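Engineer: Numbering (our numbering), first residue to last: 3 to 67.
All C-beta atoms in this analysis are idealised placements derived from N, C-alpha and C, irrespective of residue type, glycine included.
Since the structure is predicted, the reported quantities are computational estimates derived from the model, not experimental observations.
Attaching a single structure in structure tokens format; questions to follow.
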Amino acid sequence: MKSIKFNVEECDGYFVADAADYAIVTQAKTWLKLLRNMDEAVRLHFDLKSNDKYMGVRLRWLRAC
């Protein structure tokens, strides 16, 4: 599996991550929580188990809205 590209924005006190090529969107109030939510969202989308490996994510920071 290739890495998943996410576009990340900060809007109204939340970080929002939207996968460029997949129907995956998540948000969080902190950067660390966003990274955890992104991992969880990818695992749920592709039905991966907690010990399954994937290439990871690539982030593209967009300006705040």
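Hey, would you say A19 sits closer than 8 angstroms to V10, going by beta carbons?
Structural biologist: Residue 19 sits at position 17 when you count from the first residue of the sequence shown. Residue 10 sits at position 8 when you count from the first residue of the sequence shown. Yes, Cβ-Cβ distance for A19 and V10 is below 8 angstroms.
Engineer: Could you check the C-alpha separation between T32 and F17 for me, to the nearest Å?
Structural biologist: Counting from one through the sequence shown, the residue named residue 32 turns up at place 30. Counting from one through the sequence shown, the residue named residue 17 turns up at place 15. One C-alpha to the other measures close to 7 angstroms.
Engineer: Could you say which of L61, R65, C67 lies nearest to S5 if we only look at CA atoms?
Structural biologist: Here residue 5 corresponds to residue number 3 of the sequence shown, with the count starting at 1. Comparing Cα positions, the closest option is L61.
Engineer: May I ask you to list the residues that DSSP assigns as paired with K7?
Structural biologist: Position 5 of the sequence shown holds residue 7. R60.
Engineer: Buried or exposed: where does M40 fall if 16 or more other Cβ atoms within 10 Å of its Cβ makes it buried?
Structural biologist: As a working note, residue 40 is residue 38 in the sequence shown. Buried.
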